[in-house]
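Asks:
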Amino acid sequence: MLLTNGTLLNLIPCRVDRADLRVQNGDIIAAAKNLRPQKGEETVDLSGKYIMPGMVNAHTHLYSALARGMAGPHHPPRNFLEILRKVWWKLDEALDDEAIYHSALVCSVEALRYGTTMLIDHHASPNSIRNSLDAIKEAMSVVGLRGVLCYETTDRGGKRRRDAGLEENERFITENTNNSHFRGAIGAHASFTLNDDTLQALGELARMYDGGVHLHVAEDNADVEDAAKRRRTDIVKRLQKFGILTHKSILAHGVHLSKGQLVAAQATGAWVIHNPRSNMNNAVGYAPLVLFGDRAALGTDGFPADMFEECKLGFFRNQESGHKVGFTRLPEMLQAGQKLVSSFFGREFGTLEADAPADLIVLDYNPPTPLTSENLLGHFLFGMNSGMVVHTMVNGEWRMWNRELVGIDEEKIMSEAAGVAKKLWRRMT
Ligand SMILES: [Zn+2]
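Residue numbers (our numbering): 232 to 660.
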């Protein structure tokens with residue numbers, strides 16, 4: 232397939248180029264001006280359209296979609312731990328295979344619409360652990376997305392469930408070492424729900440598979456205090472001691488990490504994921520973005536995978552924070568997610584150059600002012616939004632064309648999900 236006359240946008244470093252793209256066998260095999268159609272090649276004219284790499288959501292929970300509109304707890308949660316106990320740990324206990332699948336399917340449909348083609352998911356379903364990652368994989372595959380999946384190992388449900396969590400991670404990693412669309416990470420909930428022997432087992436898996444541990448770190452100060460008071464140690468030192476921090480490890484939030492702790496964590500090569508919408512919604516505090524180094528990416532923590540919106544909200548929140556980072560910082564974090572997934576897949580995502588995977592989005596944006604390499608980020612933050620994504624391609628195939636999901640009955644997916652949500656809510660009460 233030849234994509235002609237489009238304008239290629241690269242956020243970091245900022246570049247605006249007119250070039251044609253040749254796509255074959257799931258990859259971009261050429262990117263240059265005036266490519267000539269070859270015999271039998273389909274040509275798609277993208278005159279007036281902008282093309283960007285498909286986006287990465289570096290931390291999310293696909294299991295949370297069916298919570299939308301759900302009745303809140305009788306006594307509203309007063310702090311972060313109560314939010315977990317009264318809402319999310321009730322929901323995850325009630326998840327069965329059917330709910331896991333439909334929740335993931337709803338999120339996948341939305342991600343595709345928003346131009347997000349890769350999801351790093353963090354899953355929990357204590358009453359349906361075995362093969363739960365396959366249910367998510369299956370749902371994402373209906374839509375054609377790529378992902379890095381894991382199960383949130385924890386000690387909060389006892390040893391049997393903990394072992395099942397460890398096994399599910401190991402199973403998924405070993406079964407997906409060569410998959411073009413999926414990789415496994417080693418999932419863990421958070422330091423404050425993990426005993427030393429469990430951290431030891433997680434660290435051993437990380438060593439065995441040269442893997443990354445995906446867990447929440449210092450989302451709320453309670454996590455830091457648990458390490459300091461109950462375990463009499465520093466949270467980062469505790470994770471380091473058991474081999475949890477590797478060059479592929481994914482530390483979600485990092486809101487309450489000190490400068491020294493962030494330096495120590497990132498010196499191991501671990502990634503920190505900023506989730507501005509979720510942090511604001513849970514009122515856990517403002518993450519010290521000024522201290523986040525290069526290995527920092529952007530996630531939605533269960534909110535829909537609209538990375539345009541996450542980037543904007545993160546930017547605005549920073550503007551009023553009194554700890555301003557540069558204008559390019561949030562887009563840099565969005566782009567860094569591409570580097571993170573590249574390390575899992577062993578190939579470079581997030582570019583529109585030859586040899587890159589053909590994961591791309593096409594935007595219908597009419598700039599009211601000149602759009603150049605110098606001011607691209609101004610257009611991105613103040614002009615563009617996910618509603619402008621008209622086509623989405625993953626692995627060289629159009630999965631959304633003219634805002635219609637290809638081969639997918641979206642209405643049916645949503646109405647089936649609503650039926651499943653009703654049953655799920657009933658189980659929760
Ligand atoms: Zn999370």
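Beta carbons: idealized from backbone N, C-alpha and C, even for Gly.
Computed from a predicted structure; not experimentally measured.
Taking R249 as part of the alpha helix (DSSP H), name the residues at either end of that continuous run.
Replies: According to the DSSP assignment, R249 belongs to no alpha helix (DSSP H) but to the beta strand (DSSP E) extending over 246 to 249.
Asks: Output yes or no for whether 8 Å exceeds the beta carbon distance between L397 and L436.
Replies: yes
Asks: How many angstroms separate the CA atom of L297 from the CA atom of H305?
Replies: 19 Å
Asks: DSSP state of Q255, grouped into three classes?
Replies: When secondary structure is reduced to three states using DSSP, Q255 falls in the strand class.
Asks: Starting from P215 and walking both ways along the alpha helix (DSSP H), at which residues does that stretch end?
Replies: Absent from the structure is residue 215, since the part of the chain shown begins at 232 and ends at 660.
Asks: Tell me whether H353, by its Cβ, gets closer than 7 Å to a heavy atom of ligand 1.
Replies: yes
Asks: Should L239 and T274 be called a contact, given that it needs their Cβ atoms to be closer than 8 Å?
Replies: no
Asks: Measure the C-alpha to C-alpha separation of D251 and D258 and round it to an integer number of angstroms.
Replies: 14 Å
Asks: Closer than 7 Å to a non-hydrogen atom of ligand 1 - does that hold for the CB of H305?
Replies: In this structure, the C-beta of H305 stays at least 7 Å away from each heavy atom of ligand 1.
Asks: Note the first and the last residue of the continuous alpha helix (DSSP H) segment covering R393.
Replies: 390 to 406
Asks: Taking the straight line between their C-alpha atoms, what separation do you get for S574 and K479?
Replies: 7 Å
Asks: Within the present structure, is the beta-carbon of D532 separated from the nearest heavy atom of ligand 1 by less than 7 Å?
Replies: yes
Asks: Do Q569 and P284 count as a contact pair if the criterion is CB distance below 8 Å?
Replies: yes
Asks: Taking 7 Å as the cut-off, is the C-beta of H447 nearer than that to any heavy atom in ligand 1?
Replies: yes
Asks: DSSP has A483 in a bridge; who is on the other side?
Replies: According to DSSP, which records beta bridges pairwise, A483 is partnered with H447, I504.
Asks: Flag this pair as yes or no: are the beta carbons of V748 and D451 separated by less than 8 Å?
Replies: Outside the shown range of the chain (232 to 660) lies residue 748, about which nothing can therefore be said.
Asks: Taking 7 Å as the cut-off, is the CB of H292 close to at least one heavy atom of ligand 1?
Replies: Result yes, Cβ under 7 Å from ligand 1.
Asks: Just checking, does the segment 338 to 358 make contact with the segment 376 to 385 on the three C-beta pairs under 8 Å criterion?
Replies: Taking a cut-off of 8 Å on C-beta distances, the segment 338 to 358 touches the segment 376 to 385, as three or more cross pairs fall below it.
Asks: Using 8 Å as the threshold, is the C-beta distance between N358 and D386 below it?
Replies: no
Asks: State yes or no: is the C-beta of A483 nearer than 7 Å to some heavy atom of ligand 1?
Replies: Yes.
Asks: How close, in whole Å, do the beta carbons of Q497 and G524 come, if the pair is a contact with beta carbons under 8 Å?
Replies: 5 Å
Asks: Cα separation between D590 and R461?
Replies: 46 Å
Asks: Mapping the DSSP letters down to three states, classify P304 as helix, strand or coil.
Replies: coil
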